[in-house]
Amino acid sequence: MMIAIVIVTPKPVVNDPQGVTVKQGLASLGFSEVSDVRMGKYIELKLEGSSEHEARERVEAMCRQLLANHVIEDFRFDIVRDGRR
Amino acid sequence: MKFGVVVFPGTWSDRDCGWVVDQVVGAELTYLWHKDTDLKGCDCVILPGGFAYGDYLRTGAIARFAPVMEKIGEFADRGGLVWGICNGFQVLCEAGLLPGALIRNASLEFRCEWTNLVVERTDLPFTSRCAEREVLRVPIAHGEGSYFADPATLSRLEQRGQVVFRYCDPKGHVVPGANPNGSLHNIAGIVNARGNVLGMMPHPERCSEAELGGTDGLKLFRSVAENALKVLVS
Chain E
13 MMIAIVIVTP
23 KPVVNDPQGV
33 TVKQGLASLG
43 FSEVSDVRMG
53 KYIELKLEGS
63 SEHEARERVE
73 AMCRQLLANH
83 VIEDFRFDIV
93 RDGRR
Chain D
92 MKFGVVVFPG
102 TWSDRDCGWV
112 VDQVVGAELT
122 YLWHKDTDLK
132 GCDCVILPGG
142 FAYGDYLRTG
152 AIARFAPVME
162 KIGEFADRGG
172 LVWGICNGFQ
182 VLCEAGLLPG
192 ALIRNASLEF
202 RCEWTNLVVE
212 RTDLPFTSRC
222 AEREVLRVPI
232 AHGEGSYFAD
242 PATLSRLEQR
252 GQVVFRYCDP
262 KGHVVPGANP
272 NGSLHNIAGI
282 VNARGNVLGM
292 MPHPERCSEA
302 ELGGTDGLKL
312 FRSVAENALK
322 VLVS
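Protein chains in written order, with this note's numbering: chain E, 13 to 97; chain D, 92 to 325.
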């Protein structure tokens, strides 16, 4: 069993009002060293199969077709073997 | 003239649109279920507002894979009129029938209020009953209506005159203060290059009877009712 950990983030050119609000919240708590906050999504996929190479290709396709919208979002992912996280 | 109103699980403006088509305009109406694979001879397909499939993942992200969407894509390719309102606009962008995307309002608030829209195209089947640069008063109700497109796409939209509606002040001036959601260039609605697929965030179906506070939305419904047959014949 493999697990794909997909991270989807707004592209740098896209405004992220959630990130701005969280940054303000952190600043008001005294965490003034935070210069920027970007909010994205964390998606975990359990995958059948044993070939990591094949899993990478499949997850890449999933991201392109559904999990991320290329107009506004970037994505990256890792594949880990279950139990080894 | 027959309108088809698409219903996804989670759509909630379908009956409002259907009411205007059927009871106010007096055109033929049919509802299209998301699993339908036949558009039942409609001359114009409306994708209404709501939260299709709960808008899980992103607004419209799951809805674009509904069986009915494949037929709507083919219908649009043939020149058929497709009109996305609010969530319908979001679905059309996700489906690639319109460029760009709708993201979270800059204020992070769900905005439910009246807006003013300046009409920048009156040569379209959707707007032929509007006057040049007429200001329409139409309500919005959305949390994710901030229009975004990359700079190249945005300048292409502007050059080709694909911006149909822009948020403006009551006198028709497009000013930042009139922008309720942070949309780039105050964009409230766009059309595809061919002019047969329109997406808009404001709700014309909610201002098509005087009892609801305004009738500006009715101009769009009447425009479509008048033109849909001509479009398909030509």
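Here a beta-carbon is modelled for each residue, glycine too, at the ideal position from N, C-alpha and C.
None of these values were measured; they are calculated from a predicted model.
**Message:** Is there a C-beta anywhere in chain E that falls below 8 Å from the one on I281 (chain D)?
**Reply:** no
**Item:** Buried or exposed (CB count within 10 angstroms, at least 16 for buried), F89 (chain E)
**Value:** buried
**Asked** Residues bridged to C259 (chain D) by DSSP?
**Response** D:N207
**Asked** If you compare alpha carbons, which of D:D127, D:E204, D:E302 is closest to P100 (chain D)?
**Response** D:D127
**Asked** Beta-carbon separation of I176 (chain D) and Y238 (chain D) under 8 Å?
**Response** no
**Asked** How many angstroms separate the CA atom of S314 (chain D) from the CA atom of L245 (chain D)?
**Response** 27 Å
**Message:** Output needed for R220 (chain D): all residues of its chain with C-beta closer than 6 Å, excluding positions within five of it in sequence on either side, in chain order.
**Reply:** K310, R313, S314
**Request:** Give the residues of chain D in contact with Q36 (chain E), contact being defined as C-beta atoms less than 8 Å apart.
**Result:** Those do not exist, as Q36 (chain E) stays about 11 Å from chain D at its closest Cβ, beyond 8 Å.
**Item:** Within 9 Å of chain E by C-beta, residues of the segment 223 to 250 of chain D in sequence order
**Value:** S237, F239, A240, D241, P242, T244
**Of the listed residues D:F217, D:E223, D:D113, nearest to G280 (chain D) (C-alpha basis)** = D:F217
**Prompt:** Taking Cβ positions, are V226 (chain D) and L208 (chain D) nearer each other than 8 Å?
**Reply:** yes
**Request:** Could you tell me the boundaries of the alpha helix (DSSP H) in which V115 (chain D) lies?
**Result:** Where V115 (chain D) is concerned, there is no enclosing alpha helix (DSSP H), given that its DSSP letter is neither H nor E.
**Sequence-distant residues of the same chain with beta carbon closer than 8 Å to L87 (chain E), five excluded per side** = What sits at residue 87 (chain E) in the sequence shown is Phe, not Leu. Excluding sequence neighbours, F87 (chain E) sits near V18, I19, V20, T21, C75, L79, A80.
**Message:** I need the DSSP call for T218 (chain D), collapsed to helix, strand or coil.
**Reply:** coil
**Message:** Please return the same chain residues whose Cβ sits closer than 7 Å to the Cβ of G263 (chain D), not counting the five positions on each side in sequence.
**Reply:** V209, R224, V226
**Request:** Report the rounded CA-to-CA distance for A186 (chain D) versus E161 (chain D), giving the unit in angstroms.
**Result:** 9 Å
**Separation of P24 (chain E) from P295 (chain D), as counted between CA atoms** = 34 Å
**Item:** Three-state secondary structure assigned by DSSP to V96 (chain D)
**Value:** strand
**Prompt:** Along the chain, where does the alpha helix (DSSP H) that runs through R247 (chain D) open and close?
**Reply:** 242 to 250
**Message:** Check whether chain D comes within 8 Å of P29 (chain E), counting only Cβ atoms and requiring the distance to be less than that.
**Reply:** yes
**Prompt:** If you drop the 5 nearest sequence neighbours on each side, which residues of the same chain put their C-beta closer than 7 Å to that of S299 (chain D)?
**Reply:** V111, V115, T306, G308, L309, F312
**Own chain, CB closer than 6 Å to C133 (chain D), minus 5 neighbours either side, in chain order** = K93, G95
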